Amino acid sequence: MVLVLGLGRFGIACARRLQELGMDVLGVDADLDLVNRYADTLRHVVRMDSTDADALRQLGLENVGIAIVSMAHLESSIITLLTLKEEGVPEVWAKASSRKHGELLKRIGADHIVYPERSAGERVAHTVAGHMIDYFEFEDGFAMARTLAPSFAWGRSLAESAIRTRHDVTVVGLKRPGEDFIYAMPETVVLEGDQLIVSGSKRDVERFARIS
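Just so we're aligned: 48 in the numbering used here is position 42 of the sequence shown, and the numbers increase by one with no gaps anywhere.
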(Lines of atoms letter the chains of each structure in order from A and count residues from 1; the text may use other names and numbers.)
(Lines give C-alpha, C1' and ligand atoms only; values in the text may rest on other atoms or scores of the structure.)
Protein backbone atom coordinates (compact mmCIF):
# COMPACT_ATOMS: atom_id res chain seq x y z
CA MET A 1 0.00 0.00 0.00
CA VAL A 2 1.08 3.58 -0.71
CA LEU A 3 0.30 6.06 2.06
CA VAL A 4 -0.02 9.72 1.02
CA LEU A 5 0.05 12.10 3.97
CA GLY A 6 -1.17 15.58 3.11
CA LEU A 7 -3.68 16.15 0.31
CA GLY A 8 -2.64 19.57 -0.91
CA ARG A 9 -1.90 20.08 -4.62
CA PHE A 10 1.22 17.92 -4.62
CA GLY A 11 -0.20 15.18 -2.40
CA ILE A 12 -3.47 14.74 -4.28
CA ALA A 13 -1.65 14.79 -7.62
CA CYS A 14 0.55 11.92 -6.42
CA ALA A 15 -2.36 9.98 -4.95
CA ARG A 16 -4.52 10.31 -8.06
CA ARG A 17 -1.74 9.27 -10.44
CA LEU A 18 -0.68 6.29 -8.34
CA GLN A 19 -4.28 5.12 -8.12
CA GLU A 20 -4.64 5.48 -11.90
CA LEU A 21 -1.58 3.27 -12.25
CA GLY A 22 -3.41 0.56 -10.32
CA MET A 23 -1.72 0.95 -6.95
CA ASP A 24 -3.53 0.69 -3.61
CA VAL A 25 -3.46 4.23 -2.19
CA LEU A 26 -4.58 5.62 1.17
CA GLY A 27 -4.86 9.40 1.41
CA VAL A 28 -4.64 11.13 4.79
CA ASP A 29 -5.22 14.74 5.80
CA ALA A 30 -6.22 16.58 8.97
CA ASP A 31 -8.43 18.99 7.01
CA LEU A 32 -12.01 17.69 6.87
CA ASP A 33 -12.81 19.87 3.85
CA LEU A 34 -10.00 18.25 1.83
CA VAL A 35 -11.01 14.76 2.95
CA ASN A 36 -14.62 15.39 1.89
CA ARG A 37 -13.49 16.96 -1.39
CA TYR A 38 -11.52 13.89 -2.42
CA ALA A 39 -13.81 11.21 -0.95
CA ASP A 40 -15.14 10.46 -4.44
CA THR A 41 -11.71 10.70 -6.08
CA LEU A 42 -9.70 8.34 -3.90
CA ARG A 43 -10.95 4.87 -3.01
CA HIS A 44 -9.41 5.19 0.47
CA VAL A 45 -9.16 8.52 2.30
CA VAL A 46 -9.28 9.33 6.01
CA ARG A 47 -9.19 12.39 8.21
CA MET A 48 -6.33 12.19 10.68
CA ASP A 49 -3.57 14.31 12.19
CA SER A 50 -0.43 12.45 11.13
CA THR A 51 1.60 14.10 13.90
CA ASP A 52 -0.39 11.91 16.32
CA ALA A 53 1.90 8.88 16.40
CA ASP A 54 -0.69 6.57 17.99
CA ALA A 55 -3.30 7.44 15.37
CA LEU A 56 -0.77 6.97 12.58
CA ARG A 57 0.16 3.51 13.85
CA GLN A 58 -3.51 2.50 13.79
CA LEU A 59 -3.48 2.80 9.99
CA GLY A 60 -1.53 -0.46 9.84
CA LEU A 61 1.91 0.81 8.91
CA GLU A 62 3.18 -2.76 8.63
CA ASN A 63 1.19 -2.95 5.37
CA VAL A 64 2.69 0.24 3.92
CA GLY A 65 5.43 -0.24 1.35
CA ILE A 66 5.82 3.42 0.39
CA ALA A 67 4.82 6.61 2.21
CA ILE A 68 4.75 10.10 0.71
CA VAL A 69 4.98 12.94 3.23
CA SER A 70 3.59 16.01 1.49
CA MET A 71 2.61 18.43 4.23
CA ALA A 72 3.71 22.05 3.78
CA HIS A 73 4.31 22.64 7.50
CA LEU A 74 7.93 21.90 8.46
CA GLU A 75 7.24 20.61 11.97
CA SER A 76 4.39 18.36 10.80
CA SER A 77 6.51 16.77 8.09
CA ILE A 78 9.38 16.12 10.51
CA ILE A 79 7.19 14.53 13.21
CA THR A 80 5.34 12.40 10.66
CA LEU A 81 8.58 11.28 9.02
CA LEU A 82 10.09 10.24 12.37
CA THR A 83 7.08 8.06 13.20
CA LEU A 84 7.12 6.39 9.80
CA LYS A 85 10.80 5.52 10.08
CA GLU A 86 10.46 4.36 13.69
CA GLU A 87 7.67 2.00 12.59
CA GLY A 88 9.81 0.55 9.83
CA VAL A 89 8.11 1.85 6.68
CA PRO A 90 10.65 0.73 4.07
CA GLU A 91 10.51 3.69 1.69
CA VAL A 92 9.57 7.27 2.54
CA TRP A 93 9.40 10.13 0.05
CA ALA A 94 9.16 13.63 1.49
CA LYS A 95 8.27 16.96 -0.10
CA ALA A 96 10.60 19.85 0.70
CA SER A 97 9.96 23.54 0.20
CA SER A 98 13.66 24.49 0.17
CA ARG A 99 17.11 22.97 -0.01
CA LYS A 100 17.56 23.47 3.74
CA HIS A 101 14.23 21.75 4.46
CA GLY A 102 15.23 18.88 2.20
CA GLU A 103 18.61 18.41 3.86
CA LEU A 104 16.93 18.27 7.27
CA LEU A 105 14.39 15.67 6.14
CA LYS A 106 17.17 13.61 4.61
CA ARG A 107 19.18 13.66 7.84
CA ILE A 108 16.28 12.34 9.89
CA GLY A 109 15.55 9.45 7.55
CA ALA A 110 13.73 10.37 4.33
CA ASP A 111 14.77 8.02 1.53
CA HIS A 112 13.93 10.47 -1.25
CA ILE A 113 13.37 14.24 -1.25
CA VAL A 114 11.08 15.91 -3.77
CA TYR A 115 11.25 19.58 -4.71
CA PRO A 116 7.92 20.06 -6.54
CA GLU A 117 8.63 23.38 -8.27
CA ARG A 118 12.02 22.32 -9.60
CA SER A 119 10.72 18.89 -10.59
CA ALA A 120 7.77 20.44 -12.44
CA GLY A 121 10.14 22.44 -14.64
CA GLU A 122 12.25 19.39 -15.43
CA ARG A 123 9.11 17.34 -16.13
CA VAL A 124 7.74 19.82 -18.65
CA ALA A 125 11.10 20.19 -20.40
CA HIS A 126 11.59 16.45 -20.86
CA THR A 127 8.01 15.92 -22.01
CA VAL A 128 8.24 18.76 -24.52
CA ALA A 129 11.51 17.34 -25.84
CA GLY A 130 9.54 14.24 -26.78
CA HIS A 131 11.73 11.55 -25.23
CA MET A 132 9.48 10.78 -22.25
CA ILE A 133 5.80 10.49 -21.44
CA ASP A 134 6.43 11.55 -17.85
CA TYR A 135 9.48 12.47 -15.81
CA PHE A 136 10.35 13.17 -12.19
CA GLU A 137 13.71 14.19 -10.77
CA PHE A 138 14.67 13.83 -7.12
CA GLU A 139 17.67 14.78 -5.02
CA ASP A 140 21.26 13.77 -5.80
CA GLY A 141 20.60 13.29 -9.52
CA PHE A 142 18.10 10.42 -9.11
CA ALA A 143 15.22 10.35 -11.60
CA MET A 144 12.21 8.30 -12.70
CA ALA A 145 10.59 8.36 -16.12
CA ARG A 146 7.76 6.76 -18.05
CA THR A 147 8.79 6.01 -21.61
CA LEU A 148 7.84 3.67 -24.43
CA ALA A 149 9.57 0.30 -24.37
CA PRO A 150 12.42 0.15 -26.91
CA SER A 151 12.04 -2.28 -29.78
CA PHE A 152 14.91 -4.50 -28.62
CA ALA A 153 12.82 -5.43 -25.54
CA TRP A 154 9.63 -6.41 -27.41
CA GLY A 155 8.64 -10.03 -26.92
CA ARG A 156 11.35 -10.63 -24.36
CA SER A 157 11.33 -10.86 -20.58
CA LEU A 158 13.15 -8.20 -18.57
CA ALA A 159 15.74 -10.82 -17.64
CA GLU A 160 16.34 -11.60 -21.32
CA SER A 161 16.57 -7.97 -22.46
CA ALA A 162 18.93 -7.17 -19.55
CA ILE A 163 17.93 -3.50 -19.49
CA ARG A 164 19.47 -2.94 -16.06
CA THR A 165 22.81 -4.46 -17.04
CA ARG A 166 22.98 -2.85 -20.47
CA HIS A 167 21.62 0.59 -19.67
CA ASP A 168 22.08 1.10 -15.89
CA VAL A 169 18.40 1.80 -15.23
CA THR A 170 15.95 -0.25 -13.17
CA VAL A 171 12.53 -1.09 -14.62
CA VAL A 172 10.17 -0.44 -11.70
CA GLY A 173 6.96 -1.27 -13.49
CA LEU A 174 5.08 -1.55 -16.75
CA LYS A 175 1.86 0.05 -18.02
CA ARG A 176 0.04 -1.62 -20.86
CA PRO A 177 -2.76 0.28 -22.67
CA GLY A 178 -6.11 -0.44 -21.03
CA GLU A 179 -4.58 -2.43 -18.17
CA ASP A 180 -3.46 -1.72 -14.62
CA PHE A 181 0.10 -0.99 -13.58
CA ILE A 182 2.28 -4.10 -13.34
CA TYR A 183 5.19 -4.34 -10.90
CA ALA A 184 8.28 -5.39 -12.82
CA MET A 185 9.63 -8.91 -12.29
CA PRO A 186 12.50 -10.63 -14.11
CA GLU A 187 9.97 -12.82 -15.94
CA THR A 188 7.76 -9.88 -17.03
CA VAL A 189 7.47 -9.93 -20.83
CA VAL A 190 7.51 -6.56 -22.62
CA LEU A 191 5.24 -6.00 -25.64
CA GLU A 192 5.23 -3.39 -28.36
CA GLY A 193 3.40 -0.28 -27.10
CA ASP A 194 4.15 -0.95 -23.43
CA GLN A 195 5.25 1.95 -21.27
CA LEU A 196 8.12 1.30 -18.88
CA ILE A 197 8.60 3.12 -15.58
CA VAL A 198 12.35 3.27 -15.07
CA SER A 199 14.60 4.74 -12.39
CA GLY A 200 18.28 5.55 -12.13
CA SER A 201 20.67 8.44 -12.41
CA LYS A 202 19.36 11.42 -14.37
CA ARG A 203 21.97 10.84 -17.06
CA ASP A 204 21.18 7.13 -17.47
CA VAL A 205 17.41 7.66 -17.50
CA GLU A 206 17.70 10.38 -20.15
CA ARG A 207 20.01 8.22 -22.24
CA PHE A 208 17.65 5.22 -22.05
CA ALA A 209 14.62 7.33 -22.99
CA ARG A 210 16.36 8.53 -26.15
CA ILE A 211 16.59 4.99 -27.52
CA SER A 212 12.91 4.24 -26.90
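Every residue, glycine too, gets a C-beta built ideally from N, C-alpha and C. Since the model is a prediction, treat every value here as computed from it, not as a measurement.
Of the other Cβ atoms in all chains shown, 16 or more fall within 10 Å of the Cβ of residue 138; this residue is therefore buried.
For residue 153, the uninterrupted beta strand (DSSP E) run begins and ends at 148-154, by DSSP. In the structure shown, residue 30 falls within a coil segment according to DSSP collapsed to helix, strand and coil. Boundaries of the alpha helix (DSSP H) harbouring residue 41: 38-43, taken from the DSSP string. When the five nearest sequence neighbours on each side are left out, the beta carbons in the same chain lying within less than 6 Å of the beta carbon of residue 112 are those of 119, in order along the chain. Relative to the Cα of residue 153, the nearest Cα in the group 177, 37, 168, 28 belongs to 177. By the C-beta density criterion, residue 217 is exposed, having fewer than 16 other C-beta atoms within 10 angstroms.
By the C-beta density criterion, residue 171 is exposed, having fewer than 16 other C-beta atoms within 10 angstroms. Of the residues 70, 35, 22, the one whose Cα lies closest to the Cα of residue 47 is 22. Sequence-distant Cβ neighbours of residue 9 in its own chain, meaning closer than 6 Å and more than five residues away, are 32, 70, 73. Contact check for residue 198 against residue 163 fails: the beta carbons are separated by 7 Å or more. Per the DSSP secondary-structure output, residue 35 pairs in a beta bridge with 53. Check the Cα spacing between residue 157 and each of 201, 183, 143, 18: the tightest is with 201. Its chain contains 107 as the residues whose beta carbon lies nearer than 7 Å to that of residue 80, once the 5 sequence neighbours on both sides are disregarded; these appear in chain order.
Here the alpha carbon of residue 15 sits roughly 19 Å from the alpha carbon of residue 87. Residue 115 is positioned such that its CB atom lies no closer than 7 Å to that of residue 76. DSSP places residue 85 in the uninterrupted alpha helix (DSSP H) bounded by 80-92. By the Cβ-count criterion, residue 150 is buried, with 16 or more other Cβ atoms from all chains shown falling within 10 Å of its own Cβ.
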